[in-house]
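S.K.: So in the numbering used here, the last spot in the sequence shown is 958, and the numbers never skip.
Using N, Cα and C, we set each Cβ at its ideal position, and we do this for glycine too.
No experiment lies behind these values; they were computed from the predicted model shown.
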Amino acid sequence: MQALNAWLLGHDAGVLLLGPDPDGPGSVTNGIVVAQDPRPGTLVPRWATVRVRMRDGGEGGVREPRTPVTPPGELTADLGEA
C-alpha cells in the first residue's frame, strides 16, 4: 500500500503511523509500506503508534514528460524552410 494511503487510513482508524526512525529524514508519506508493528489485526488503544517500514517507491511518480530534444534545424527541414 502506498505510504500516504496507509497514513490516511491509519488516521481514519485512530492510530498514528511512525517510521522506523521518527527523527530520521524519511517521511511516512513516501514509499510503499511493507511491514508494520504491531502486526495487522492487533487491537491497540485509540491514537496508539504503529511503526511502519517502507521501501522506496522507485522511479515512478508525477513528472514532466522528458521528450527527446530535437536537433537544431531538423524541424525547419521538415517544414521546407531550410
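Would you mind giving the Cβ-Cβ distance between residue 882 and residue 928, rounded to the nearest angstrom? I have them listed as a contact below 8 Å.
M.R.: Indeed, because the Cβ distance is near 7 Å, the residues count as touching under 8 Å.
S.K.: Looking at residue 879: is its Cβ nearer than 8 Å to the Cβ of residue 909?
M.R.: The answer is yes: Cβ separation under 8 Å.
S.K.: Hey, residue 923 and residue 892: beta-carbon distance below 8 Å or not?
M.R.: Yes, the pair counts as a contact, with Cβ atoms nearer than the cut-off.
S.K.: Using the three-state DSSP reduction, which class does residue 897 fall into: helix, strand or coil?
M.R.: Coil.
S.K.: Pull up the distance between the alpha-carbon of residue 932 and that of residue 895, whole angstroms please.
M.R.: Roughly 13 Å between the two C-alpha positions.
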